[in-house]
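> Sending over a structure as structure tokens; questions will come in a sec.
Protein chains: 2
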Amino acid sequence: MKEYRVTFEPSGRSVFVLPGTKILEAAGRAGIALDTPCGGQGTCGKCRARVSRPSGAPAAPAPSRALGAQDIAAGWRLGCATRIDSDMFVEIPEESRFEHRPQILTGDSGHATAPDPVVSKRHFSLPEPSLDDQRSDLARLRSALGEDVSVPGEILGELPGFLRRNNWRGTAVLTDHTLMGLEPGDTTRSLHAVAFDLGTTTVVGTLLDLLSGREIAVASGINGQTAFGDDVISRIMRIRERGAALAELQQAAAMTLNRLIDELVHESGRSRSDIYEITVAGNSTMQQILCGLDPSSLGEVPFVQVFDSPLDLPAASIGLGVHPGARVFVFPQIGGFVGGDTVAGMLASALDRWDAPVLFIDIGTNGEIVLACDGKLLAASTAAGPAFEGARIRQGMRATAGAIEKVVFADDVAVNVIGNVKPVGLCGTALIDAAAELLRAGILDATGRILPPDEAPSAVPPALRRRLVTQDGETHFMLVPGSESAGGEPIMLWQRDVRELQLASGAIRAGTNILLKRAGIDAGRLGAVLLAGAFGNFIRRNNAQRIGMLPEVQCQSVRFIGNAASLGAKLALVSQAKRAYALDLARRAEHVDLSRDTDFQAEFASAMMFPDAPVPCDVAASQ
Amino acid sequence: MKEYRVTFEPSGRSVFVLPGTKILEAAGRAGIALDTPCGGQGTCGKCRARVSRPSGAPAAPAPSRALGAQDIAAGWRLGCATRIDSDMFVEIPEESRFEHRPQILTGDSGHATAPDPVVSKRHFSLPEPSLDDQRSDLARLRSALGEDVSVPGEILGELPGFLRRNNWRGTAVLTDHTLMGLEPGDTTRSLHAVAFDLGTTTVVGTLLDLLSGREIAVASGINGQTAFGDDVISRIMRIRERGAALAELQQAAAMTLNRLIDELVHESGRSRSDIYEITVAGNSTMQQILCGLDPSSLGEVPFVQVFDSPLDLPAASIGLGVHPGARVFVFPQIGGFVGGDTVAGMLASALDRWDAPVLFIDIGTNGEIVLACDGKLLAASTAAGPAFEGARIRQGMRATAGAIEKVVFADDVAVNVIGNVKPVGLCGTALIDAAAELLRAGILDATGRILPPDEAPSAVPPALRRRLVTQDGETHFMLVPGSESAGGEPIMLWQRDVRELQLASGAIRAGTNILLKRAGIDAGRLGAVLLAGAFGNFIRRNNAQRIGMLPEVQCQSVRFIGNAASLGAKLALVSQAKRAYALDLARRAEHVDLSRDTDFQAEFASAMMFPDAPVPCDVAASQ
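Those protein sequence lines, which keep their order, are chains A and B.
Letter by letter, the first sequence follows residues 267 to 889 in the numbering used here.
Letter by letter, the second sequence follows residues 267 to 889 in the numbering used here.
Here it is in structure tokens:
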């Protein structure tokens, strides 16, 4: 099937998608989360985007009820209602992005977060010493900056020379009330910092202008620690086996961050010393290793963290090459494997400020679930992630070029491949799609068994039935024949893959159910299910509900909020109020250790079964 | 003249003194300041010492009115009333030392300063983590130490391993509310620190037990910076000429401190890592160089310091090898050359807590003067010191072995030489003694001219008259003939030496007069003149008044308070309240720049003239 190229402005990022894919989904593919308060029903008009075609032909049709005639004439369309039917340019204005919907972030003000960073600059011009004014250099500076400003020894050492070389004028860089640097001239118009989402697999760094709160550049890369193991447990075990591995893993993480910093400053024409602060949001293991803290006690019952309250460290002390006085803010942690990335996600989603209970699910290499209900915050962690990242799936792979990322059944199977190349394997979203479609077709039963051709319902189209391959008593489903794959081998959904999916999906659903039970509410009371994380972003909601991973709520209640950990890290960088809010959220959250919950095993066993009946969102058109 | 050996207990220090010297003076010679609230009038009984003779013969006579018969029978005598008439052992109880007179230090309580150091230790025993208690290591530790304890990254890195190796027990070392170290077992009975008096010439370090507040060991040595110049101005000029000299001078100071620390820990059987804090009191130049702060702006008008408020630096940052978490407290400074040693001396003397105005004079390589009057504190600095340390005196030398330290005229000249050896030269006290005795004999006139033999009064004994030597129109006075000196050359008081003395003494007196004038009081209102510093300790009060250096107050008002800078450094180490008091004193003190005072030149010119009339203390018996 032909794919169309969609190029997003102003980022310039391109993706290839199947005809009929919605702009909302294509944008997600490109890492852009559109704001959909109405749940993508085409009613709120918040996800507007301006569409044009390379050919110059008029924009895609679909007169959107939520837009005026003038906007429509100017090319404006709704991302949730407009399908791709040619190569396209799509301009996403800042206000259409989830990250820039302040009313979602604050739940109240309706205004964007005013920048209020911890780091600040002050230009000063001091009177020269004279016979009538023999105050010390320090007293003179403090009279301009405030008597409560503390000055570390290194800066004090520079002070006499600096003041005299620069005619008693310059710019002071302050972090809170501590002087962190002196700069000649007036540099108050330049104040930058980097927010990191430090994932087990992927690290995302964003360079921010702290004065405007705007993003200047984004860079991402694979965490260098992956060479030591794919998941947190294998890295913890490395360190438990050999103490020296802690330093190696720490350096691998720091090198990854340094490489991204280089990219960011290169891209933006800045230098490393222009970075005055760093925030880091990661899971417990990632945060601890980056800070040089032994995570060994996370490797055994009762899963103890080294710290819970946030850390404030010199960037140099963990090997980050930025401004010599820069500090690193490391997010507070909740307990066990529920770490700073979850707190950052909670901050970004402001999940406790909704009118109704809210469920927050962040699926990365691990899956974290938080339920906000009646002022309580319950947080749990599951090891659901790896399957969705392709691990333990026979032909699984990460969502990179060559990965089948979407599977749609019609008379036959249609797949979408990332990067417009021949398929190499399948990633997590395709795994969910395939299972959901097989359930709808009646080829997969509630226990997770792929039926052999002779047991499949008679209504199954022949083209699909021909894809069923039985070997050694088990049946597998061919997604792509060898003739169309990159390697010449067919790409299959193996019976064992379905079992892995049941484990991963069941873990998330069981965790959700336990939290709901703890809070004493039904899923029906949930005002929203917020899906965060790179993976959560690309899930087809109806398919995720069809396999039972998400609770049975109205489809519009399931909202994609993008990379919430990264957004939280950015918010904490830009705003002291947000940082304080994150601390408050972390303090209030209660860690629910699922492994200790007496109901968990029963819930888990039950959640591994696929639901029999279609769920609210299970309509023919996906998304 | 024969000298007697006096050995002080418990220190074991010995000095040689002339027959008839008071124990008070001999003790001063040995670096022990006796407490004399009554001014050495033999009435208060505070300076008691137990005297015995090597021969076993009964103690020296002098039935002291202030002592009971039983005490006298047990060998107790008053230091101010008992003269040395043989070799002696003198035991000085702690309560007779100026440093241990708490009522003088606090002015109110009458009780010794209760130790209340910034550094403290806490033994902890934590519950082990369990399924019911999964708190982080940090939260667990904080529940024992306090929620407000902050933990630096390095210590946090050690925490997981430390707790598990030591069964969740150990000792936390805290500086204020920051954890600075973890130690296995219960080490709360051991808590040490070092106080430094960082002089331009001499550095004194005292090892203190912070739990009891007691001194464990004392060590002193020459400041390694003397290789770069004898006085602060020459060292500042070195740095102004060549920036790299700052680092060299800093290292020289740090090496001196490290050498003394080695001596202290060696002597007391401790190790460097047992030192948890350091206080440093020095003049502006010494403190700044030790902290790596360029003192160049002290080398030119308007004499600006780098800092005034106290510094709190990591000991490691200035190259001091003690406990890795140890901090250095550097005393606040007042202005110009009035630095931390003056503040420490003010702290030790509590000069603002007396009922009457108090004048504090600390003569080291520089001379600092502080007047406390009606709640005001006026502080000035003069360059008086070098002459008293032997600099610019033709046969001058420091008060070390071979120095004539005392000169007494009877029919002829009697001198006392330090170390019971042949004389090499004369030190500052002998310079003052000689000038005072020459004035009394009428051989020296008020303008400072040594009269030739034919102009000297007829009453001058022939033995003295024979010592007058006229050369090239100037007359000099021979203190020791060549036949009795170490080098075979006569030791002379040269006419030029008298001029140098006039400059030094005049500077101190002029400074004193300016401060009194600023405060609007006469010297007669002074309740006390406190003499501090190694030199001040050894001065004969009557002689210092005779030459006009000290104002004309009653002799008992002139009090020796020993090394006040060192005592202040110790107090700030032992007590947070004292440290806060030092800050308060420094903040309240007003720096009087004598060089800018319009009256100073006139006062100086007038103060250089020797007084005509005898002063209150000018009695035949010295001291």
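Glycine residues also receive a C-beta, built at the ideal position from the N, C-alpha and C atoms.
Source: prediction; values computed, not measured.
#1: So what's L769 of chain A in DSSP terms, helix, strand or just coil?
#2: Could you name the residues of the same chain whose beta carbon sits closer than 7 Å to that of A582 of chain A, not counting the 5 residues immediately before and after it, in chain order?
#3: Can you give me the Cβ contacts of L392 of chain B inside the same chain, cut-off strictly under 8 Å, excluding the 5 residues immediately before and after it?
#4: Beta-carbon of D560 of chain A versus every beta-carbon of chain B: anything under 7 Å?
#5: Provide the residue(s) that pair with I774 of chain B in DSSP beta bridges, ordered along the chain.
#6: How long is the line joining the alpha carbons of I541 of chain A and S575 of chain A, rounded to whole angstroms?
#7: Quick one: list the residues of chain A neighbouring L849 of chain B, beta-carbon separation under 8 Å, in chain order.
#8: Any chance the segment 561-578 of chain B sits against the segment 394-406 of chain A, with 3 or more Cβ pairs inside 8 Å?
#9: Taking only runs that begin and end inside the segment 476-529 of chain A, name each unbroken alpha helix (DSSP H) of 4 or more residues, in chain order.
#10: Using a beta-carbon distance below 7 Å, is P568 of chain A in contact with chain B?
#11: Assuming contact is defined by CB atoms lying nearer than 7 Å, are A696 of chain A and I670 of chain A in contact in what I supplied?
#12: G465 of chain A: which of A:S456, A:A519 and A:G479 sits nearest, CA to CA?
#13: Taking only three categories from DSSP, how would you classify N682 of chain A?
#14: Determine, using beta carbons only, whether A296 of chain A and F274 of chain A come nearer to each other than 7 Å.
#15: Report the residues of the segment 397-411 of chain B with a CB closer than 9 Å to any CB of chain A, ordered along the chain.
#16: With distances taken between CB atoms, is the gap from G605 of chain A to I502 of chain A smaller than 7 Å?
#17: According to DSSP, D699 of chain A sits in a beta bridge with which residue or residues?
#18: List, in order along the chain, the chain A residues whose C-beta lies closer than 7 Å to that of L579 of chain B?
#19: Of all the options A:F654, A:A785, A:A831 and A:I813, which has the alpha carbon lying nearest to the alpha carbon of L796 of chain A?
#20: Note down the Cα distance separating V679 of chain B from E703 of chain B, rounded to an integer number of angstroms.
#21: Rounded C-beta distance between A646 of chain B and I635 of chain B? I'm assuming under 8 Å.
#22: Using the Cα positions of I499 of chain B and A700 of chain B, report the straight-line distance between them to the nearest angstrom.
#23: Going by DSSP, what residue range makes up the alpha helix (DSSP H) through F428 of chain B?
#24: Give me, in chain order, the residues of the same chain whose beta-carbon lies closer than 6 Å to that of R762 of chain B; leave out the 5 immediate sequence neighbours on both sides.
#25: State yes or no: is the beta carbon of G601 of chain B nearer than 7 Å to at least one beta carbon in chain A?
#26: Look up H589 of chain A in the DSSP assignment and say whether it is helix, strand or coil.
#27: Between Q516 of chain B and chain A, is any beta-carbon pair separated by less than 7 Å?
#28: So with Cβ pairs under 7 Å, would you call V283 of chain A a contact of chain B?
#29: Please list the terminal residues of the continuous alpha helix (DSSP H) segment that includes E291 of chain A.
#30: Can you look up K268 of chain B in the DSSP assignment and give me helix, strand or coil?
#31: At a CB distance below 8 Å, what residues from the segment 851-869 of chain B approach chain A? Give them in sequence order.
#32: Of all the CB atoms in chain B, is at least one closer than 7 Å to the CB of F595 of chain A?
#33: For K688 of chain B, which residues of its own chain have a beta-carbon under 8 Å away from its beta-carbon, when the five flanking residues on both sides are left out?
#34: If you count every other CB in all the chains shown that lies within 10 Å of the CB of D488 of chain B, and 16 or more means buried, which is it?
#35: How far does the alpha helix (DSSP H) with V572 of chain A in it extend, from its first residue to its last?
#36: Taking L643 of chain A as the query, report the chain B residues whose CB atoms sit under 7 Å from its CB, ordered along the chain.
Result, derived from the coordinates:
#1: helix
#2: P590
#3: R406, L407, S409, A410, L429, W434 and R435
#4: yes
#5: According to DSSP, I774 of chain B bridges with nothing at all.
#6: 24 Å
#7: Per Cβ cutoff of 8 Å: no residues; L849 of chain B is ~13 Å from chain A at best.
#8: yes
#9: 498-507
#10: yes
#11: yes
#12: A:A519
#13: strand
#14: yes
#15: L397, D398, D399, Q400, R401, S402, D403, L404, A405, R406 and R408
#16: no
#17: Beta-bridge pairing links D699 of chain A to no other residue.
#18: G419
#19: A:A831
#20: 10 Å
#21: 5 Å
#22: 29 Å
#23: G419 to R431
#24: none
#25: yes
#26: coil
#27: no
#28: no
#29: I289 to R295
#30: coil
#31: H857, D859 and R862
#32: no
#33: G668, E750, S751 and A752
#34: A small fix is needed here, since residue 488 of chain B is Ile in this sequence, not Asp. With fewer than 16 other Cβ atoms within 10 Å, it is exposed.
#35: Premise fails: V572 of chain A is in no alpha helix (DSSP H) and is neither H nor E.
#36: Residues of chain B passing the Cβ test: none, with the nearest at roughly 17 Å.
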